[in-house]
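From first to last, the protein sequence lines stand for chains P and C.
For the first sequence, the numbering used here assigns the number 332 to the initial residue and increments by one for each residue that follows.
For the second sequence, the numbering used here assigns the number 332 to the initial residue and increments by one for each residue that follows.
A short worksheet on the structure shown next.
There are 2 protein chains.
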Amino acid sequence: MRIGELAARVGLTRDALRFYEQVGILTSERRANGYREYPPEAVPWLEYVRTAQALGFSLAEIADHGEELSEAPDQAEALSALFADKIRVIDTRMAELAALRAELTARAGTECPLRKTPGSARRRV
Amino acid sequence: MRIGELAARVGLTRDALRFYEQVGILTSERRANGYREYPPEAVPWLEYVRTAQALGFSLAEIADHGEELSEAPDQAEALSALFADKIRVIDTRMAELAALRAELTARAGTECPLRKTPGSARRRV
DNA sequence: CTAAACAGTGGAGTGCGGTCCAAGGTCAAG
DNA sequence: CTTGACCTTGGACCGCACTCCACTGTTTAG
Numbered sequence: 332m333r334i335g336e337l338a339a340r341v342g343l344t345r346d347a348l349r350f351y352e353q354v355g356i357l358t359s360e361r362r363a364n365g366y367r368e369y370p371p372e373a374v375p376w377l378e379y380v381r382t383a384q385a386l387g388f389s390l391a392e393i394a395d396h397g398e399e400l401s402e403a404p405d406q407a408e409a410l411s412a413l414f415a416d417k418i419r420v421i422d423t424r425m426a427e428l429a430a431l432r433a434e435l436t437a438r439a440g441t442e443c444p445l446r447k448t449p450g451s452a453r454r455r456v
Numbered sequence: 332m333r334i335g336e337l338a339a340r341v342g343l344t345r346d347a348l349r350f351y352e353q354v355g356i357l358t359s360e361r362r363a364n365g366y367r368e369y370p371p372e373a374v375p376w377l378e379y380v381r382t383a384q385a386l387g388f389s390l391a392e393i394a395d396h397g398e399e400l401s402e403a404p405d406q407a408e409a410l411s412a413l414f415a416d417k418i419r420v421i422d423t424r425m426a427e428l429a430a431l432r433a434e435l436t437a438r439a440g441t442e443c444p445l446r447k448t449p450g451s452a453r454r455r456v
């Protein structure tokens with residue numbers, strides 16, 4: 332499919348997709364006329380990218396993962412390893428969040444940690 | 332305490348603290364000589380700021396929360412509400428992570444979602 | 001008295017993750 | 001053969017969250 336359709340399907344702009352290609356997250360074939368051509372798998376991949384991003388991974392990290400993946404001798408194995416890695420990261424993140432939650436629960440009902448701000452700057456913050 | 336000590340205590344740079352003041356996250360008194368003076372409560376507040384940031388809140392949002400807080404009729408109640416809100420955010424994040432984890436677990440062993448990149452650009456990704 | 005270690009200011013620069021734009025090429029429909 | 005929708009490129013620009021810098025003022029120790 333061409334870039335416009337892919338953009339529409341995943342809810343990104345064409346500019347964003349070209350940018351992703353620049354930073355190595357997305358690849359494309361080229362038609363004879365120079366147009367980018369994407370395989371259907373680009374859709375789940377971009378959904379995955381979005382998810383990873385939401386989890387706090389930078390585009391650079393996502394690109395690295397993708398590269399590791401495409402360079403691995405055994406792709407299926409590499410992919411499984413990558414996923415296993417991410418699952419570990421997720422577990423860590425979840426533990427952090429749980430700790431945070433506990434801290435907040437404990438603090439709710441405590442003194443205000445912010446000093447009173449009588450005439451605090453009301454810029455477009 | 333002065334800015335250098337606060338910076339050391341919370342692990343931020345003095346520049347960052349001045350920047351936080353600019354965007355309305357932090358306030359300070361001034362000594363006669365112009366030096367900023369911070370109360371001890373600034374430490375837990377900044378820890379809280381960091382936490383909120385880790386949860387994906389922008390500094391602008393955090394500043395807004397801080398303002399709401401300092402303007403609330405009942406500060407203790409407002410603070411509890413704020414914490415309760417963040418706990419809900421945490422719960423949502425955790426659920427997302429759990430979902431992603433399940434997805435990754437399911438996908439591990441599946442086809443690679445990234446197209447092969449024969450000579451992909453090796454910029455400093 | 002001087003030097004070092006702090007503090008202040010304004011402004012420029014950085015890295016990330018895009019977005020916007022101008023100038024132009026391609027292609028299908030009428 | 002023109003119109004309009006789509007595509008190409010490069011480069012400028014944006015908001016966020018800092019970070020660095022130059023230059024100046026203050027305080028403290030020797």
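The beta carbon of each residue, even a glycine, is placed where N, CA and C say it ideally should be.
None of these values were measured; they are calculated from a predicted model.
For the pair of segments examined, the segment 420 to 437 of chain P was found to touch the segment 415 to 427 of chain C: the number of CB pairs separated by less than 8 angstroms reaches three.
Runs of the alpha helix (DSSP H) lying entirely within the segment 353 to 417 of chain P and spanning at least 4 residues, in chain order: 373 to 385, 390 to 402. For residue 340 of chain C, no chain P residue has a C-beta closer than 9 angstroms to its own C-beta; the minimum C-beta separation is roughly 14 angstroms. For residue 389 of chain P, the number of other beta carbons within 10 angstroms of its own is below 16, and it is reported as exposed. Closer than 8 angstroms to the CB of residue 427 of chain C there is at least one CB belonging to chain P. If you ignore the 5 residues before and after residue 334 of chain C, its C-beta comes within less than 6 angstroms of the C-beta of 345, 348, 367, all in its own chain and listed in chain order. With contacts defined as CB atoms closer than 8 angstroms, residue 356 of chain C and residue 387 of chain C fail to qualify as a contacting pair.
Distance from the CA of residue 364 of chain C to the CA of residue 351 of chain C, rounded to the nearest whole angstrom, comes to 21 angstroms. Cβ-Cβ separation between residue 383 of chain C and residue 393 of chain C: approximately 5 angstroms, consistent with a contact (criterion under 8 angstroms). Neighbourhood of residue 382 of chain P in chain C, by CB distance below 7 angstroms: 431, in chain order. By the criterion of a C-beta distance shorter than 6 angstroms, residue 369 of chain P is surrounded in its chain by 332, 337, 359, once the five residues flanking it on both sides are discounted.
For residue 337 of chain C, the uninterrupted alpha helix (DSSP H) run begins and ends at 334 to 341, by DSSP. Selection C:402, C:378, C:391, C:374 evaluated against residue 353 of chain C yields C:391 as nearest (Cα-Cα).
C-alpha of residue 375 of chain P to C-alpha of residue 379 of chain C: approximately 36 angstroms in a straight line. The residue from P:340, P:395, P:371 with its alpha-carbon nearest to that of residue 417 of chain P is P:395. One finds nothing in chain P with a Cβ atom closer than 7 angstroms to the Cβ of residue 423 of chain C; even the nearest lies about 10 angstroms away. In its chain, beyond the 5 residues on either side, no residue has a beta carbon closer than 8 angstroms to the beta carbon of residue 342 of chain C. For residue 344 of chain C, the secondary structure class from DSSP, reduced to helix, strand or coil, is coil.
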